[in-house]
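Asker: Count along the sequence shown from 1, add 246, and you get the number used in this note's numbering. A virtual CB, placed ideally from N, CA and C, is assigned to each residue, including glycine.
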Amino acid sequence: MKNKLLCALVVVMMVVAVFGASPVKAAAYGTSFTTSITYQNVGTDTATVSLEFYAEANGTPIVINRPDLAPMAGTSIYVGALGQLGAGFKGSAVLISNQPLVATLVQSAPVTSPIKIRPLSNGFTGGSNYVLVPTALRNTFGSNTIISVQNVDSNSVDLQLRFVPLSGSDIIVEVENLPAFATKYFDIAQMAEFGDSFNGSVQIYATKSGSSDPGSIVASAMELNIEGDNASAYEGTNEFATTIYMPSAMCLYQNQQTSSYAVQNTTDHDITFNVSFRPSGVTAGPFTLAPGAKQSVNGCDGNTPGFIGSAVIEASGDIVAMGKVYGGGLYTAFLGFTNGSSKISLPYVRWTNSHWYDSVRQRAYIAIQNVGADLPAGAVTVNYYDKDGNLVGSDSLGAIASGAKVNSNPSVIGADGAEFGYYDDGTYGGSAVVEGPEGSELAVVVRISTYSNSLIVSEDYTGIPIQ
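1. Quick check on DSSP: helix, strand or coil for Val595?
2. Looking at the structure shown, is Gly573 part of a helix, part of a strand, or coil, going by DSSP?
3. Within a Cβ cutoff of 6 angstroms, which residues of the same chain sit near Ala435, ignoring the five residues on either side of it in sequence?
4. With H, G and I counted as helix, E and B as strand and the rest as coil, what does DSSP make of Val395?
5. Hey, how far is the Cα of Gly709 from the Cα of Val691?
6. Using the DSSP secondary-structure output, state which residues sit across from Phe299 in a beta bridge.
7. Taking C-alpha atoms, which residue in Pro537, Pro622, Gly672, Leu688 lies nearest to Ala613?
8. Taking 8 angstroms as the threshold, find out whether the region 566 to 582 comes into contact with the region 624 to 643 through three or more Cβ pairs.
9. Per DSSP, what kind of secondary structure is Glu681 in: helix, strand or coil?
10. Go to Ser542, then tell me how far its beta strand (DSSP E) extends in each direction, as first and last residue.
11. Can you give the beta carbon distance from Met468 to Ile392, rounded, assuming they're within the 8 angstroms contact cut?
12. Taking contact to mean 3 or more Cβ pairs, one atom from each stretch, closer than 8 angstroms, check whether the region 554 to 574 and the region 653 to 671 are in contact.
13. Could you check the C-alpha separation between Tyr355 and Asp641 for me, to the nearest Å?
14. Start and end of the beta strand (DSSP E) containing Ala382?
15. Give a yes or no on whether the C-beta atoms belonging to Glu439 and Val410 are separated by under 8 angstroms.
16. Note down, in chain order, each residue of its chain lying with its Cβ closer than 6 angstroms to the Cβ of Pro525, except the 5 sequence neighbours on either side.
17. What residues are listed by DSSP as bridge partners for Gln510?
18. Sort out for me which residues DSSP pairs Gln353 with in a bridge.
19. Under the three-state reduction of DSSP, which class applies to Phe666: helix, strand or coil?
20. Evaluate contact between the region 310 to 327 and the region 283 to 299, counting only Cβ atoms and requiring at least three cross-stretch pairs below 8 angstroms.
21. Extract the residue ranges of the beta strand (DSSP E) inside the region 391 to 467, only unbroken runs of 3 or more that lie entirely within it.
22. Using a 10 Å radius around the Cβ and a threshold of 16 neighbouring Cβ atoms, would you call Ser343 buried or exposed?
23. May I ask which residues mark the beginning and end of the beta strand (DSSP E) holding Gln713?
Set out below in structure tokens:
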């Protein structure tokens, strides 16, 4: 998931390098997206790094060695430039190192495309035999969903995907003998089982092939406009809780931007839940959820236009939840947090002043929610690092009350942040670490924005805890 703890030597991720065919007209669904893997060494020594790529449903790796990476250094690899993969590659990858790494995947449309938004998702360090995807669509809200499921077991696995609609019967899809580390894609719009439309959630089960023994999988999804330019990415999750924290909540903020939350019941019985917005004090609910089902809650459910803040979702049983923010160019997706961490890595951070209106460079806006006890001014710091792991500057944050959020971005560190993550030789690489006192609980969402045709288009990813 986007807030998955990455502390192992092998980081498993979803990769698609040319996603879909060229569209007849400009639209996100059908556009060819290409992946950049942005990663940071959060260890204490130089990292030796290699990548193993696996084509869809293929268990034979294509191995590519990468340059060593200094501690705290960040870099990226543009998958479309790797001649070993060939045009049209679609599949997954495993990032291997002798040091702990964190990774965020960035999906980009061709430079000539009118689609400037960059869907974002994080890598994983391992999987589960049961993974949930809180929302999946076919021809609903003007969008289609494509789900990718990766086998992270050392054996082949059998999959069962249970699609749970808002109403009506579940749709069951089964796959046998998915090879180790290979991925299977499920383009809901191309699957006859779903009819003309679908709106629901997904439960994914994995067993070792030919047995009832638990397998191990991870999952990611992309939600793509059928006629518009918007797209987002998000991870499936196996982390459930009765309380979920959402660092971003809005109701027609700046007369345009609103949040919504898709809340999914992970239990085998009905549950109820409420959404409490802060600092407004408004509570939406209670809502009742059947087993496996989802319910969407809007940021304007009780809040007045102009509201901006955060939210807490509390339920009578375990849930997962995904947040979205949309309007005025935003089309973001991020998983809610089941808890916080005192040290969080942000492997993909950029900022531009002089090239903002060129539509080719990005700005990163960092939202930090305190999901623990009150923190005084100066207790939390955001450290910004260049591509070589050098500390460029720090932002010491003000007091953060329990449940409240504050913001940061590279421009606050002065001149060194003016073109942060961009270099004169054409290379890229910039990252940040949010650090609070030991025992503090912070949840972080990063919004990556691009200026395009008088709009600021944006997508989100969640910060990755460091141990």
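Answerer: Short version:
1. Within the sequence shown, residue 595 is the residue found at index 349, counting from 1. If DSSP states are grouped into helix, strand and coil, Val595 belongs with coil.
2. The sequence position of residue 573 within the sequence shown is 327, counting from 1. In the structure shown, Gly573 adopts extended strand secondary structure according to DSSP, grouped into three states.
3. Counted from its first residue, the sequence shown places residue 435 at position 189. So the list reads Arg384, Asn390, once near-sequence residues are dropped.
4. The count along the sequence shown starts at 1 and reaches residue 395 at position 149. Strand, per DSSP.
5. The residue you call residue 709 lines up with position 463 of the sequence shown. The residue you call residue 691 lines up with position 445 of the sequence shown. Straight-line measurement puts the Cα of Val691 at about 6 angstroms from the Cα of Gly709.
6. Taking the first residue of the sequence shown as 1, we reach residue 299 at position 53. Per the DSSP secondary-structure output, Phe299 pairs in a beta bridge with Ile308, Ala339.
7. Within the sequence shown, residue 613 is the residue found at index 367, counting from 1. With distances taken between Cα atoms, Ala613 lies closest to Leu688.
8. Because the criterion of three Cβ pairs below 8 angstroms is not met, the region 566 to 582 and the region 624 to 643 do not touch.
9. Numbered from its first residue, the sequence shown carries residue 681 at position 435. The answer is strand: DSSP assigns Glu681 an E or B state.
10. Residue 542 sits at position 296 when you count from the first residue of the sequence shown. From DSSP, the beta strand (DSSP E) with Ser542 extends over 540 to 544.
11. The residue labelled residue 468 in the question sits at position 222 within the sequence shown. The residue labelled residue 392 in the question sits at position 146 within the sequence shown. With 8 angstroms as the limit, Met468 and Ile392 qualify as a contact, their Cβ atoms being about 5 angstroms apart.
12. No: fewer than three Cβ pairs fall under 8 angstroms.
13. Counting from 1 along the sequence shown, the entry for residue 355 is found at position 109. Counting from 1 along the sequence shown, the entry for residue 641 is found at position 395. The question names Tyr, yet the displayed sequence has Ala at residue 355. Between the alpha carbons of Ala355 and Asp641 lies a gap of roughly 33 angstroms.
14. Locating residue 382 in the sequence shown gives position 136, where the first residue counts as 1. For Ala382, the enclosing beta strand (DSSP E) starts and ends at 376 to 384.
15. Translated into positions along the sequence shown, residue 439 becomes position 193. Translated into positions along the sequence shown, residue 410 becomes position 164. No, these two residues do not count as a Cβ contact at 8 angstroms.
16. Locating residue 525 in the sequence shown gives position 279, where the first residue counts as 1. Around Pro525: Gly555.
17. As a working note, residue 510 is residue 264 in the sequence shown. As DSSP reads the structure, Gln510 sits in a beta bridge with Lys540, Val566.
18. Stepping through the sequence shown from its first residue, residue 353 is reached at position 107. Answer is Thr281.
19. Translated into positions along the sequence shown, residue 666 becomes position 420. If DSSP states are grouped into helix, strand and coil, Phe666 belongs with coil.
20. At 8 angstroms Cβ cutoff, the stretches touch.
21. At a cut-off of 3 residues, the continuous stretches assigned as beta strand (DSSP E) that sit fully inside the region 391 to 467 are 403 to 411, 417 to 424, 429 to 433, 444 to 454.
22. In the sequence shown, residue 343 corresponds to position 97, counting from 1. Per the 10 Å Cβ criterion, buried.
23. Taking the sequence shown and counting its residues from 1, one reaches residue 713 at position 467. For Gln713, there is no enclosing beta strand (DSSP E), since its DSSP letter is neither H nor E.
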